[in-house]
Structures are given as C-alpha cells and as structure tokens.
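**Q** Have a look at the structure that comes next, please.
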C-alpha cells in the first residue's frame, strides 16, 4: 500500500514540477500560464497530501519530509489564496489560520530537532526562519486590507515560488542529489 502511495506522490510531484516550469516560462496572466499554474496547484496538493501520509506512517516516518510537506502545503494554499485578494470584501479567516499555521510550523522546524536530536538542523532552521517571516508578514498584511490587496501579486509570486523551491528541495533530498549538503 505504501509503495502505491509513493508512486502516486512521485507522479503528482513530477507533474507539479513540470507544470511549474510551464507556468514560470510563459507570459504571466496568459492562458498557458494559468493552465500551468492550475495543474501545478492541484498536482502539488495531491503530492503533498500523499507525502504527509507517507512521512507520518510508522514504516516510513520522516520528520524532515513531514516538515517540508507542511511547508509546501502552506505556500501552495496561501499563494493561490493571494489571487483572491482583489476587493475589500473577502473573508480572511482562512488566511489568518494559514498565517498562524506557518508561524507555528516555523518554530517547530527549528526547535524539534534541537529537542529530539540535540542538534541544529541547518536546512530546517533556514526553512523555519522563512516560515516565521512569512507568518509574520501575512499577519501584518491581514491587519491592513488595502496593503493586502496592493501586494497580492507579490504575495502570490513569492509564495508559489517558495512552494516550488520547497518541492525541488524535497526532490533533491529524497533522491540524494548533491550528497553531503543536507
């Protein structure tokens, strides 16, 4: 069963990485960009959900991949949400929840390796600091809707790119590319 989940995760992940290249390499706002972005979004959701199931299963438990999965999930969800911040009348409850979620995940990424393994995980610390920064930034923007609307495209691009980078990082780590760095 786990093998089937791993194959599904890999298929969704490969599709997400390819669709991300398509979205990144075409005219922003154009038909192909939107199609690539939509495929990227749903493929990432599928890949992340399967990764979270796999990384939390007893036979394949991996705290690093679990953290990267949660990290990626936030960026993909929040990046897509940023596109909806067009007018003053949108519900911010989910945005607030996502901001607190990534803020707490950031601290967890930094502190958990120190508490469990008695060492600092450099990569998780970097990702944790980024997560905390994004959480604080989002919470500040939520307080000022006009700024949130004004910065919606910057927010969309930065979060979707962060999700893409975290997916590439997970791909490198899982496939042992550039050994010794991680």
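Numbering (this note's numbering), first residue to last: 872 to 1053.
Just so it is clear, CB atoms sit at the ideal spot from N, CA and C, and this is done for glycine as well.
Only a predicted model underlies this, so the values are computations on that prediction, with no experimental measurement involved.
1) Near residue 1053, what residues of its chain come up, given a Cβ to Cβ distance below 8 Å and the 5 sequence neighbours on each side ignored?
2) Look at the alpha carbon of residue 967 and the alpha carbon of residue 939, and state the distance between them as a whole number of angstroms.
3) Looking at C-alpha atoms only, which residue of 958, 974, 1046 and 992 is the closest neighbour of residue 1018?
4) Counting only runs of 4+ residues fully inside the segment 1007 to 1037, write out the alpha helix (DSSP H) ranges in chain order.
5) Alpha carbon to alpha carbon, how far is residue 882 from residue 1003? Give it in angstroms, no decimals.
6) Do you know how far the Cα of residue 1039 is from the Cα of residue 997?
7) In three-state DSSP terms, what is residue 839?
8) Verify whether the separation of the beta carbon atoms of residue 921 and residue 876 is less than 8 Å.
9) Could you spell out the range, first to last residue, of the alpha helix (DSSP H) harbouring residue 896?
**A** A quick look at the data gives this:
1) Stepping through the chain shown from its first residue, residue 1053 is reached at position 182. The predicted position of residue 1053 is uncertain, since its pLDDT is 48 and thus under 50; a value taken from the coordinates is nonetheless stated next. Correct list, in chain order: 994, 1043 and 1044.
2) Along the chain shown, one-based indexing puts residue 967 at 96. Along the chain shown, one-based indexing puts residue 939 at 68. Rounded to whole angstroms, residue 967 to residue 939 spans 21 Å at the Cα level.
3) Sequence index remark: in the chain shown, residue 1018 carries index 147 (1-based). The candidate whose alpha carbon is nearest that of residue 1018 is 958.
4) Whole alpha helix (DSSP H) segments, 4+ residues: 1016 to 1021.
5) Taking the chain shown and counting its residues from 1, one reaches residue 1003 at position 132. Taking the chain shown and counting its residues from 1, one reaches residue 882 at position 11. Their Cα atoms are separated by approximately 30 Å.
6) In the chain shown, the residue the question calls residue 997 occupies position 126. In the chain shown, the residue the question calls residue 1039 occupies position 168. Residue 997 and residue 1039 have their C-alpha atoms some 15 Å from each other.
7) Here the chain comprises residues numbered 872 to 1053, so residue 839 is not present and cannot be evaluated.
8) Against the chain shown, residue 921 aligns to sequence position 50. Against the chain shown, residue 876 aligns to sequence position 5. Contact: yes.
9) Residue 896 sits at position 25 when you count from the first residue of the chain shown. Per DSSP, residue 896 is not a residue of any alpha helix (DSSP H), being assigned neither H nor E.
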